[in-house]
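Residue numbers (the UniProt record's numbering): 1 to 298.
Beta carbons are placed, not taken as given, at the ideal position from N, Cα and C, and that holds for glycine.
From a predicted model like this one, the values you see are computed outputs, not experimental measurements.
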């Protein structure tokens with residue numbers, strides 16, 4: 001175990017690694033603290049120095065940059081750690097939003113922690129959380145997934161694992177693949193599940209598409225999207241299983257068994273859920289379930 005004191009009580013002379021979020025579209029979302037930090041550090045490690053330079057020019061920041069991206073991370077990290085150990089403080093930024101969230105940065109954080117260098121994260125813009133709170137879908141609990149695999153087989157495998165998750169799901173996706181991804185989701189997700197596609201967050205063309213999975217898919221198939229997209233998907237509620245059970249005119253006992261098998265519930269939990277869905281007392285469902293069991297046992 002190690003304890004980090006970021007500011008007061010620090011004992012070494014190392015520099016600090018600052019993780020600085022940058023705007024996801026609107027430059028006015030840059031915080032005062034982030035601007036000051038980029039001014040004050042000796043070096044900025046940027047995912048794309050050309051992109052970050054536009055931000056620096058806007059805020060009249062003259063700090064020197066060094067590139068840090070997925071293609072040079074292994075060679076660059078030892079160099080950056082040396083700077084930090086020599087007392088040079090570094091700010092690490094990605095092209096937009098939080099470093100390490102679907103962007104480079106995590107490897108540098110691990111290396112700094114291993115070298116007992118203080119890692120200081122600044123709060124700021126994050127597309128996933130921004131989209132979540134305006135989506136209209138239950139904001140907590142949630143699971144941030146990021147980008148799904150591009151290969152359909154791998155994507156199907158991941159969606160199958162996520163299909164029974166009850167928490168809200170957050171995905172990032174290219175506008176060119178949104179419709180295809182929603183179509184693939186239908187393989188394992190109920191068509192009635194709520195989905196919000198958030199496009200061009202914080203920019204002038206910001207747009208929210210809210211509806212059921214099938215409705216949003218139909219729209220996206222007819223109207224190709226542009227710009228960065230974030231998908232907020234409602235978690236599994238189990239209601240779809242009961243709707244199917246009612247449509248099939250299953251008995252109360254069969255409904256209980258269906259819930260136990262599909263949602264891995266105990267008989268007590270399933271009985272309670274069936275009773276609520278059918279507007280019955282739990283005792284009525286309990287008696288039918290257990291009476292039928294007694295008859296079948298004899």
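- In terms of CA proximity to residue 33, 123 leads the group 271, 162, 123.
- Boundaries of the beta strand (DSSP E) harbouring residue 209: 207-212, taken from the DSSP string.
- Rounded to the nearest angstrom, the gap between the Cα atoms of residue 79 and residue 189 is 46 Å.
- DSSP places residue 19 inside the beta strand (DSSP E), whose first and last residues are 17-19.
- Between residue 93 and residue 44, the gap from beta carbon to beta carbon is short of 8 Å.
- In the structure shown, the three-state DSSP call for residue 274 is helix.
- Here residue 98 is buried, its C-beta having at least 16 other C-beta atoms within 10 Å.
- As the crow flies, the alpha-carbon of residue 112 is around 7 Å from that of residue 118.
- Counted as a single uninterrupted DSSP element, the beta strand (DSSP E) harbouring residue 144 occupies residues 142-147.
- The C-beta distance from residue 233 to residue 144 rounds to 12 Å, too long to fall under 8 Å, and the pair is not in contact.
- Straight-line spacing of the CA atoms in residue 179 and residue 22 works out to 28 Å.
- Remark: C-beta atoms of residue 95 and residue 48 approach each other more closely than 8 Å.
- At a Cβ-Cβ threshold of 8 Å, residue 173 and residue 220 do not count as neighbours.
- For residue 171, there is no enclosing alpha helix (DSSP H); the enclosing beta strand (DSSP E) has its first and last residue at 168-173.
- The C-alpha of residue 136 is placed about 8 Å away from the C-alpha of residue 210.
- With at least 16 other beta carbons inside 10 angstroms of its own, residue 199 counts as buried.
- Residues 256, 282, 285, 286, 289 of the same chain have their beta carbon placed closer than 8 Å to that of residue 271, with the five preceding and five following residues left out of the count.
- In summary, residue 130 is buried, with 16 or more beta-carbon neighbours lying within 10 Å of its beta-carbon over all protein chains present.
- Residue pairing by DSSP puts residue 64 in a beta bridge opposite 43.
- For residue 91, same chain residues with a beta-carbon under 6 Å away, outside a window of 5 residues either side, are 18, 20, 37, 38, 41, 44 in chain order.
- Between residue 59 and residue 165 a beta carbon distance of about 40 Å is seen, past the 8 Å cut, so the two are scored as non-contacting.
- For residue 179, the enclosing alpha helix (DSSP H) begins and ends at 178-185.
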